[in-house]
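In what follows, a single structure is set out as structure tokens and then discussed.
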Amino acid sequence: MRPQTSDDPQTRTMTLEAFADTIIPGEKRSSDDRAIAGAAPGGGAVAAGALELLEWDATGVSGGLDDFARALNTHAQAHTAEFGLPTDDTVPPFVALSYEERSAVVKRLTAPGHPEKALWVSLALFCNMSYDSAAHMSTADAIAAGHPGLTSMGVTTPDADGLWRFPNFSYGRPLAALHPDTTASGSPA
Amino acid sequence: MTSVERTDVLIVGTGFGGAIAAYHLAAGGAKVVMLERGPWLGTDDFEHDYKLGSSYTRIFDFVVGDGMSTLGGNCVGGGSVVYFAAMPRAPRFVFDRKGSIARRMWPSAITRDTLDPWYDRVAESIPITQQGWEDASYSGGLWAAACNHAGRTANPVPAAVDTTKCTNCNWMMAGCRFEAKQSLLFNYLPAALAHGAEIKPLHEVQKISKNEDGDYRVHYLRVDDEDYRETTGSGTIDAKIVVIAAGAAATPVILQRSEATLGPMPHAVGRYFSGNGERLNTAVLNEDRVRDVLGLDRGDGLAYAANQIGKGPTVANWDRLDGSLPEYSRYSLEQLYFPPGLGTILALTGGADPSWFGPDKKEMLARWRSWLIIFQMIEDDNEGVFGPPPERGNADRLSQQMLGIGRLSYKPTLNTSAAWAMADADVKDILERDGLATVTPWTNDLVGAYTVHPLASCRIGDDPHTSALDDGHELRGHPGIFVTDGSAVPGALTVNPAMTISALAERAIPGIVRAAQERGVAVTYGAPAPSGATNGRAGVQPLIPALLRK
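Protein chains in written order, with our numbering: chain D, 30 to 218; chain Y, 229 to 778.
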């Protein structure tokens, strides 16, 4: 049965997960996973905790998530109609789209000149942050827990006190000639 | 009711412009109060953590505008606490720039020669290391080697970093946990406090009005220390002299909002904003080519893979800083680090259909360790304009910290766009040679262009129509109000601006002292450097009579 409104928690969650998965895609959690399109191997923004971050009131977007989900599904319906795409009433309209079609919708909503651009960019920003910096949890904890984004990016493990130190940091030799007009204090002339 | 709070000098902001003014005026005998919208954090508060609510988001502000987003400090110490501490002087030709007004935009009294003694004064006050190649991070060394391979030069960048304490953790934007970065928390600010200056954090100045006796009244809101969207009270302080140094993204907003109470502002308040011509490129390096073509090896089996390691920018290419070249074709190309959180979303994938999101972007992120970020500083056209102020502060805050929507509009002119395109092509030429890397610019489509060095929104000049301040930094038509932050700098500098902002602030002090004296404040000019050193003071002495000539 198709959920009727975006206020339905399941509809809202699936829709937002599908949006986050469009920004940083990941692999499906199970064979019947519809929200995650499965467009890339490994965990994506959803596995990284995008929903946790979006739901945190510190972001300033949590209060608007119902509206985001509802609007996204409205845009998806319009997109489906415009391009004559097949419909699927068992899931929310945005979730029903293929990864490529979800991308096309996101591209349109975040393009210069779109009246709602700022809203969708802010939503995308937090989805990206959940992956590239795990902004919903302590960084050291995230690395220790094998956070998919930080792990994939190769962010190293901090020292025991939670601080990073790199004793080896330099090739340690001259690698170019200095500009001929450099002053004694090392500035441009 | 409490009695009206009064001071001789009220300073808005505690970054370079505010701290330098506070120190000299307090040391000279004036009663000084500083209002800072952000919190007051010390060394032990600076965390290595991207979690919202950590020091990274408490002290750093990202304001999205229409066509331009600005990043800046939001704490006691301002930009000096979050910046990457590069402290080059501006090249000589910068002071002869004409920019969008087709005549020299700097006051006639300021040239590199007349500013050098003030630069020296700053250099004596903020310890600046002339870095050597042994200080250059892997990413700086890589940039140098690539420049060299392309027949270019490259320079280690002078920086306010004590390299003996630096751990190359690359967390400078969250505040330095190791006291290596020589922020204002270690020089001007403690010296100002020692002379009796007072700092009030979490006090966000909204506007200024004038009392019948000619003093100014500064109106502030108190900001919640965790959720900056919330305020917890309000108040006013009366002062004979007001120094505004809230940063180029906030100073003009305070003045715009004060227009109703102070009367008309100069035309240039909130106009001529410059993003210092900034733009970023991301190179994703081919590690094998780095080894084979450039001969680089870390000694641990890796050629590079060191994006995370370092201390911000350590090496710059200055080949285009040549005064014989036409304006808008001169720029520097500086190796930089930009942390995750805000530092990956704008990077574009390569190929026929570049994208900031999706499967290819995810693959690009998987090679994050092999990223090299190059920072362009071109000459832009001062095309930024501030719209009417928001309800409070300089933005409608979206998140509890860090993220807000401001009123700055910036539509790059053909000059600016062409300069960025030229610099993009140059970076590509250097880094894509012999298959070293794939280079793409950051997109300007999401949050517009962006700058970590907002400038010129309330600038000095000789022409009242195109400058808000006279060459002594006094606000035209409003005697006793001075502006000493990046908004006073006339235009893009082609290098990192902190050194020039500071030198201009130092140069403004004798005039501010005299204005205070004229309003009956017992204050003198002539404090040594915060450390007690006096060479800088002696160096500027011959310049002061001309500065004070009206």
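Beta carbons: idealized from backbone N, C-alpha and C, even for Gly. As the structure is a prediction and not an experimental result, all values here were calculated from the model.
query                                                                                                                       : result
Inter-residue Cα distance where the pair is Arg265 of chain Y and Asn302 of chain Y                                         : 7 Å
Distance between Arg325 of chain Y and Pro554 of chain Y (C-alpha atoms, nearest Å)                                         : 10 Å
Chain Y within 8 Å of Val134 of chain D, Cβ atoms only                                                                      : no
Status (buried if at least 16 other CB within 10 Å, exposed otherwise) for Thr460 of chain Y                                : exposed
Ile537 of chain Y in three-state terms, based on DSSP                                                                       : coil
Interface flag, Pro144 of chain D vs chain Y, CB-CB below 8 Å                                                               : no
In chain order, each alpha helix (DSSP H) run of at least 4 residues that lies wholly inside the stretch 549–608 of chain Y : 587–594
Contacts that Gln358 of chain Y makes with chain D (C-beta to C-beta distance below 8 Å)                                    : Ser214 and Gly215
Where Asn415 of chain Y falls, given that 16 or more other Cβ within 10 Å makes a residue buried                            : buried
Closer than 8 Å to chain Y by CB, Ser159 of chain D                                                                         : no
Start and end residues, beta strand (DSSP E) containing Asn376 of chain Y                                                   : Looking at the DSSP string, Asn376 of chain Y is not in any beta strand (DSSP E); the run it does join, the alpha helix (DSSP H), is Tyr366 to His377.
Buried or exposed (CB count within 10 angstroms, at least 16 for buried), Gln769 of chain Y                                 : exposed
Residue-chain proximity (Phe48 of chain D, chain Y), Cβ-Cβ < 8 Å                                                            : no
Residues bridged to Tyr638 of chain Y (per DSSP)                                                                            : Y:Gly612
Leu299 of chain Y beta carbon less than 8 Å from that of Ser151 of chain D                                                  : no
Chain D contact residues for Gln536 of chain Y, given Cβ-Cβ distances below 7 Å                                             : Val184 and Thr185
Selection from Y:Ser685, Y:Leu574 and Y:Ala318 that minimises the alpha carbon distance to Asp609 of chain Y                : Y:Ser685
Environment of Pro587 of chain Y [buried if 16+ CB atoms lie within 10 Å]                                                   : buried
Helix, strand or coil at Gln628 of chain Y according to DSSP, with G and I counted as helix                                 : coil
Beta carbon of Ala755 of chain Y nearer than 8 Å to that of Gly424 of chain Y                                               : no
Residue-level contact to chain Y via CB, Gly175 of chain D, 8 Å cutoff                                                      : no
Gln33 of chain D, DSSP secondary structure in three states                                                                  : Note that Gln33 of chain D has pLDDT 47, beneath the 50 cutoff, so the model's placement of it is unreliable and the number below is only indicative. In this structure, Gln33 of chain D counts as coil in the three-state DSSP scheme.
Partners in chain Y for Ser127 of chain D, counting only beta-carbon separations shorter than 9 Å                           : Near Ser127 of chain D there are no residues of chain Y at all, since even the closest Cβ is about 13 Å away, more than 9 Å.
Proximity winner among Y:Asp344, Y:Leu253, Y:Glu515 and Y:Lys590, relative to Arg469 of chain Y (alpha-carbon distances)    : The sequence as given places Ile at residue 469 of chain Y; Arg does not occur at that position. Nearest of Y:Asp344, Y:Leu253, Y:Glu515 and Y:Lys590 to Ile469 of chain Y, Cα basis: Y:Leu253.
Cβ distance (whole Å) where Lys539 of chain Y is taken to contact Cys394 of chain Y below 8 Å                               : 5 Å
Given Glu487 of chain Y as reference, the closest of Y:Val451, Y:Ile436, Y:Asp452 and Y:Val521 once Cα atoms are compared   : Y:Ile436
Where the stretch 718–729 of chain Y meets chain D: residues whose CB sits under 7 Å from a CB there                        : Val723
Cβ pair Gly73 of chain D, Asp96 of chain D closer than 8 Å                                                                  : no
Status (buried if at least 16 other CB within 10 Å, exposed otherwise) for Gln628 of chain Y                                : buried
Cβ-based contacts, 9 Å cut-off: residues of the stretch 633–651 of chain Y near chain D                                     : Ile633
His104 of chain D - DSSP class collapsed to helix/strand/coil                                                               : helix
CA nearest to the CA of Phe406 of chain Y, picked from D:Trp193, D:Ala213, D:Val124 and D:Ile172                            : D:Trp193
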